[in-house]
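Novice: Its first residue numbered 1, the sequence shown is counted upward by one per residue in UniProt numbering.
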Amino acid sequence: MSNAMYTRTPSPFPPSDTADRALVLATVPSLDPPHFLANVISTAASSTRNHLTIVLFSRLFNSPTATTLRGISRTEYFDDVLRLLTYVYVQATSVAQSLDKVLMNVDVLLLGIDSDVPSNIGTGVDIVYRVSGDSIAVPLPESISSLHQCFLPSSGDNDTNHLPPLSPTISLDASGPPPYLPVVALGGTFDHLHAGHKILLSMGAWIAGEKIIVGVTDHDLLKNKTHPSLVQPLADRIATVRTFLSLFRPGITYDIVPIQDVYGPTGWDPNIQGLVVSRETVSGADAVAAHRLAHDLPALQTFIIDVISANHTRLDHDDMEMLKHTKMSSTFIRDWIYERQKERVASARDAKGFLDPSRAKGLLDPGHAKGLLDPSHAKGFLDPSHAERVVKGKEEERHNEKA
1 MSNAMYTRTP SPFPPSDTAD RALVLATVPS LDPPHFLANV ISTAASSTRN HLTIVLFSRL
61 FNSPTATTLR GISRTEYFDD VLRLLTYVYV QATSVAQSLD KVLMNVDVLL LGIDSDVPSN
121 IGTGVDIVYR VSGDSIAVPL PESISSLHQC FLPSSGDNDT NHLPPLSPTI SLDASGPPPY
181 LPVVALGGTF DHLHAGHKIL LSMGAWIAGE KIIVGVTDHD LLKNKTHPSL VQPLADRIAT
241 VRTFLSLFRP GITYDIVPIQ DVYGPTGWDP NIQGLVVSRE TVSGADAVAA HRLAHDLPAL
301 QTFIIDVISA NHTRLDHDDM EMLKHTKMSS TFIRDWIYER QKERVASARD AKGFLDPSRA
361 KGLLDPGHAK GLLDPSHAKG FLDPSHAERV VKGKEEERHN EKA
């Protein structure tokens with residue numbers, strides 16, 4: 001989101017890495033930003049080195065087409081889920097960045113209580129962070145329940161022991177707009193996959209009923225990017241997108257393809273119903289709409305990833321301040337990598353200069369040491385007559401003091 005150059009700022013969090021991979025499990029009672037999780041998320045992010053997975057459970061995340069315990073409509077409450085997801089990603093990412101762990105991987109998953117918890121999310125995890133008093137309504141697989149559990153107090157008065165009644169503003173009526181769109185498309189560079197990318201991918205997968213189409217910008221279109229040599233290969237970016245989608249929304253089809261223009265599959269595929277874009281790429285969505293109209297293709301329902309809408313602010317003041325200081329962009333990450341590489345090169349150069357034999361020539365050259373080792377140089381110090389004069393002078397000083 002921000003393309004500012006990387007600068008290191010002091011962190012309010014202690015650098016206390018204790019786990020390589022960690023897991024946060026928590027129940028959320030509503031679609032409001034879960035401020036009560038701030039303490040748990042901050043602790044987990046500051047104590048994790050490489051990979052933090054945050055799993056949020058709620059009845060609201062159940063399937064919207066279920067006959068019992070139906071979840072919310074994925075399309076109708078798109079903005080509310082976006083706000084919740086953004087809050088959690090910003091909380092974790094801001095802590096990691098403040099500790100200079102820019103490449104730490106953060107994943108946020110939304111799970112209903114109508115399905116099993118995937119056992120693979122516990123693979124390689126060292127510790128599980130929980131909220132004190134939280135009773136998750138689904139059984140945890142042994143791969144998770146057998147791990148060390150760390151319970152921490154919440155950051156507010158939220159009672160997570162029991163799911164409160166649904167807010168009057170949340171309707172589970174199946175007669176509203178379609179809860180899913182069968183096929184949803186989106187696009188991006190997805191270079192050094194970061195929180196901004198994951199929010200975009202998550203929301204696209206969230207509203208897709210059958211398939212999500214992801215256009216990944218071809219390498220030839222990225223030659224003018226900052227530090228183009230640090231842009232990841234296309235195959236790596238496609239693989240990373242697939243891995244994340246299979247974690248966030250298993251069970252649907254992923255069509256992940258290279259794109260050489262602004263349209264990608266939306267320029268010719270009549271079976272796409274929805275398009276998810278960021279606020280920065282709305283002009284691209286307008287171009288897609290005009291292109292489809294000109295080619296007699298069905299119009300797309302557009303969803304915009306924007307935490308600030310024209311009607312109201314989706315995050316409160318403190319959350320917005322944190323968002324402004326959280327750099328969610330590939331440019332920022334490449335800048336960070338470039339600076340780290342420069343530091344390593346400079347350190348290696350300094351070490352080479354210190355250890356270079358030619359640098360030590362003046363110290364080790366026998367000619368340079370001649371003045372120190374030549375007996376004639378030390379004559380004044382070792383000559384007995386010199387010592388005699390020193391002793392005689394000291395005796396005269398003592399005699400004068402007595403007088």
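By construction, the Cβ of each residue, glycine as well, lies at the ideal position given by its N, Cα and C atoms.
#1: Run the CB neighbour count on Ala346, radius 10 Å, all protein chains shown included, and call it buried at 16 or more, exposed below.
#2: Which partner residues of Gln91 appear in the DSSP bridge assignment?
#3: CA-CA distance, Val183 and Gly267?
#4: Terminal residues of the continuous alpha helix (DSSP H) containing Gly196?
#5: Mind checking which residues open and close the beta strand (DSSP E) that includes Phe151?
#6: Consult DSSP for Lys352 and reduce its assignment to one of helix, strand or coil.
#7: Where do the N-terminal and C-terminal ends of the alpha helix (DSSP H) with Leu234 fall, by residue?
#8: Could you give the distance in angstroms between the alpha-carbon of Ile256 and the alpha-carbon of Met203?
#9: Sorted by chain position, which residues of the same chain lie with C-beta nearer than 7 Å to Val276's C-beta, five sequence neighbours on each side aside?
#10: Could you check if Asp20 is buried or exposed, using at least 16 other CB atoms within 10 Å of its CB as the buried criterion?
#11: Which residues in the same chain have their Cβ closer than 6 Å to the Cβ of Phe190, if we skip the five residues on either side of it in sequence?
#12: Applying the criterion that 16 or more other CB atoms from any shown protein chain within 10 Å of the CB defines a buried residue, is Lys101 buried or exposed?
#13: Measure the Cβ-Cβ separation of Ser58 and Thr27 and say whether it is below 8 Å.
#14: What does the Cβ neighbour count give for Asp134, buried or exposed, with the cut at 16 atoms within 10 Å?
#15: Are the segment 216-236 and the segment 329-341 touching, with three or more C-beta to C-beta distances below 8 Å?
#16: Give, in chain order, every unbroken run of the beta strand (DSSP E) that is at least 3 residues long and sits entirely within the segment 81-145.
#17: Starting from Val28, follow the beta strand (DSSP E) in both directions and report where the run begins and ends.
#18: Which one of Gln273, Val262, Pro270, Asp296 has the shortest CA to CA distance from Asp286?
#19: Counting only the same chain and skipping the five closest in sequence on each side, list residues whose C-beta sits under 8 Å from that of Pro34.
#20: For Gly264, count neighbouring C-beta atoms within 10 Å of its own C-beta (all shown protein chains included) and say buried if the count is 16 or more, exposed if not.
#21: In whole angstroms, what is the alpha-carbon distance linking Val40 and Arg279?
#22: Between which two residues does the alpha helix (DSSP H) harbouring residue 407 extend?
#23: Within the continuous beta strand (DSSP E) that includes Leu186, where are the two ends?
Specialist: Short version:
#1: Classification for Ala346: exposed.
#2: Answer is none; Gln91 lacks a bridge partner.
#3: Val183 and Gly267 have their C-alpha atoms some 14 Å from each other.
#4: Where Gly196 is concerned, the enclosing alpha helix (DSSP H) starts and stops at 195-207.
#5: Residues 149-152.
#6: In this structure, Lys352 counts as helix in the three-state DSSP scheme.
#7: The continuous alpha helix (DSSP H) containing Leu234 extends over residues 234-248.
#8: Annotation: Ile256 to Met203 spans about 16 Å, alpha carbon to alpha carbon.
#9: For Val276, the CB contacts under 7 Å within the same chain, skipping 5 residues up- and downstream, are Val184, Leu186, Leu200, Met203, Gly204, Phe303, Ile305 in chain order.
#10: Its Cβ having fewer than 16 others within 10 Å, Asp20 is exposed.
#11: Beyond the five residues adjoining it in sequence on each side, Phe190 comes within less than 6 Å, by CB distance, of His197, Val216, Arg237, Val241 in the same chain, given in chain order.
#12: By the 10 Å Cβ count, Lys101 comes out buried.
#13: Their beta carbons are under 8 Å apart, which means Ser58 touches Thr27 by this criterion.
#14: Asp134 counts as buried, since no fewer than 16 other beta carbons sit within 10 angstroms of its beta carbon.
#15: The segment 216-236 and the segment 329-341 touch, with no fewer than 3 CB-CB distances between them shorter than 8 Å.
#16: The qualifying runs are 105-111, 127-131.
#17: Neither: Val28 is in no beta strand (DSSP E) and is coded neither H nor E.
#18: Scanning Gln273, Val262, Pro270, Asp296 for the CA closest to the CA of Asp286 turns up Val262.
#19: Counting only residues of its own chain and dropping the five nearest sequence neighbours on each side, Pro34 has a CB closer than 8 Å to the CB of Ala26, Val28, Leu56, Leu84, Tyr87, Val88, Asn158.
#20: Classified as buried, Gly264 has 16 or more neighbouring CB atoms from the shown chains inside 10 Å of its CB.
#21: If you draw a straight line from the Cα of Val40 to the Cα of Arg279, it comes to about 30 Å.
#22: It is not possible to answer for residue 407, since the shown part of the chain is limited to 1 through 403.
#23: According to the DSSP assignment, Leu186 belongs to the beta strand (DSSP E) that extends over 181-188.
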